[in-house]
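Comments concern the structure below.
Protein chains in written order, with the numbering used here: chain A, 2 to 243; chain B, 2 to 243.
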């Protein structure tokens, strides 16, 4: 708590191994009880580019009494490129510009190696974050690449609830993992998102094994999530992590 | 205002022609500014059977500062039966029990005459309700038979926003009407609703012409709308009618 006012939050850079990140804690809680933690996964375009939206989400969470942490995804920002993933991105662009369907092999090459690398990193980050003063459980996950959130929800028992953004392509292999998810889910879908397939998003929502799962679909493209939809996601976390 | 406490609300029976109804006003507002009105359409099983849920919705709205009015649907409760609609209900039950697809002719016979009769009744009720002291605009509609709400949203310019429950079968003819809807919509869908077709509900959501439309899909059957989904619908009205 820097000066005693309730809405002051603290933001600090993190380095987890060689992975850069940001931690924000709600100032008013840091002296008293540890704040529940929300992992804010940035989009794969890199934390620097996504910074304004990421900070907005983090501030919103801090005002609600949550600590948040973001770490750079593998291959994003200043982290070493992943040549195979970059080839997949190029193939994806080519297919989309040509108006061709995006084949399974492109989606698999784009997403599966990212999931394989990112999930252990988030788990190691969680070990480190939960050892910090002022940061505690329960833990939520709020993320941009829905396949990463799906696998994390299956393999990481410390995550109690997740907000997932259905805004990326989904490998077929993820459907079997989705059926094994049991934590409460709040899924955001932009109805006219250019960066994913709406029917696949609906099928994935259907596949999740959770008893409590909610789909909030809104109009507009990938980056057009309305403010009220963000507010609803925040209330989901307050309901489940407090 | 019965005793000056802010949460006290007044409920009174209405008779609009020969149509029974209920009006509830937020006690604290009745002396000062008129309260915005929400039309609470009961389900077609009759107001008496739906009473506990209807009262719960009305109390919630009153606490948020809204007046609410419900009128009995044609053929429901103590109102004269509609023999053609009753034959359609029997045909529907037979088809569902036999595990057969529900044909268009059954859906049309079940829904279209109900829409044709109910919509002018709601409009006449609106004339009467808006002339009462303590009741004003803007007006919202929150209703159970989605085709009634769809047509009302098209033909009744005094309705500014609607919460629609995608829990009934939809005649194909309603899709053209849905495209003409332009007011903000908040659509509730129970993912495993036994009383409608999920894909048709999603297609209807897609068809609505409104720039702001949100779909909230939750787990469970027809009557299992979770409390938090009701709360979100209430916030939609607060955002649009206040």
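Glycine included, every Cβ here is placed at the ideal spot set by N, Cα and C.
As the structure is a prediction and not an experimental result, all values here were calculated from the model.
Ranked by Cα distance from residue 205 (chain A), the options A:87, A:182, A:124 are led by A:182. Taking a cut-off of 8 Å on C-beta distances, the stretch 63-78 of chain B touches the stretch 12-30 of chain B, as three or more cross pairs fall below it.
By a beta-carbon distance limit of 8 Å, residue 140 (chain A) does not contact residue 165 (chain A). Their separation comes to about 15 Å. With respect to chain A, the C-beta atom of residue 197 (chain B) has no partner C-beta closer than 8 Å.
Cβ neighbours of residue 174 (chain B) within its own chain (closer than 8 Å, five residues either side excluded): 109, 113.
For residue 184 (chain B), there is no enclosing beta strand (DSSP E), as DSSP gives it neither H nor E. Nearest CB-CB separation between residue 215 (chain A) and chain B: below the 8 Å threshold. Rounded to the nearest whole angstrom, the CA to CA distance from residue 62 (chain A) to residue 21 (chain A) is 20 Å.
Annotation: residue 141 (chain B) is outside any alpha helix (DSSP H); the continuous beta strand (DSSP E) that includes it extends over 136-144. For residue 224 (chain B), the secondary structure class from DSSP, reduced to helix, strand or coil, is coil. Beta bridge pairing from DSSP links residue 219 (chain A) with A:191, B:215. By the Cβ-count criterion, residue 228 (chain B) is exposed, with fewer than 16 other Cβ atoms from all chains shown falling within 10 Å of its own Cβ. Interface flag for residue 97 (chain A) against chain B is unset, since no Cβ pair is found closer than 8 Å. Annotated as proximal: residue 242 (chain A) and residue 161 (chain A), with beta-carbon spacing under 8 Å. A straight-line Cα-Cα distance of about 16 Å links residue 210 (chain B) and residue 191 (chain A). At a Cβ-Cβ threshold of 8 Å, residue 217 (chain A) and residue 235 (chain A) do not count as neighbours. About 19 Å separates the Cβ atoms of residue 220 (chain A) and residue 178 (chain B), ruling out a contact at the 8 Å cut-off. Using a Cβ-Cβ distance cut-off of 8 Å, the stretch 118-126 of chain B and the stretch 149-158 of chain B are in contact, since at least three pairs of beta carbons, one from each stretch, lie closer than that value. Cβ neighbours of residue 226 (chain B) within its own chain (closer than 7 Å, five residues either side excluded): 189, 191, 219. In this structure, the beta-carbon distance from residue 36 (chain B) to residue 137 (chain B) falls below 8 Å. In chain order, 124 place their CB closer than 6 Å to the CB of residue 157 (chain A), counting only its own chain and leaving out the 5 sequence neighbours on each side.
For residue 233 (chain A), same chain residues with a beta-carbon under 8 Å away, outside a window of 5 residues either side, are 187, 217 in chain order. Excluding its 5 nearest sequence neighbours in each direction, residue 194 (chain A) has C-beta neighbours in its own chain below 7 Å: 168, 222, 223, listed in chain order.
Considering only beta carbons, the part of the stretch 225-240 of chain B lying closer than 9 Å to chain A consists of 227, 229, 230, 232, 233, 236, 237, 240, in chain order. In this structure, the beta-carbon distance from residue 72 (chain A) to residue 126 (chain A) falls below 8 Å.
When C-alpha distances from residue 56 (chain A) are compared across A:238, A:115, A:202, A:12, the shortest belongs to A:12.
Closest by C-alpha distance to residue 44 (chain B), out of B:176, B:170, B:185, is B:170. Taking residue 111 (chain B) as the centre and dropping the five residues before and after it, the same chain places the C-beta of 86, 89, 90, 93, 170 closer than 7 Å to its C-beta, in chain order.
With its beta carbon less than 8 Å from one in chain A, residue 218 (chain B) belongs to the interface.
Within chain B, the residues placing a beta-carbon under 8 Å from that of residue 203 (chain A) are 203, ordered along the chain.
Close partners of residue 212 (chain B) in chain A (Cβ separation under 7 Å): 220. One thing to note: residue 78 (chain A) has its Cβ no nearer than 8 Å to the Cβ of residue 104 (chain A). Residue burial annotation: residue 16 (chain B) is exposed, with fewer than 16 other C-beta atoms found within 10 angstroms of its C-beta. In the DSSP assignment, residue 206 (chain A) falls within the unbroken alpha helix (DSSP H) covering 199-208.
The Cβ-Cβ distance between residue 237 (chain B) and residue 208 (chain B) does not fall below 8 Å.
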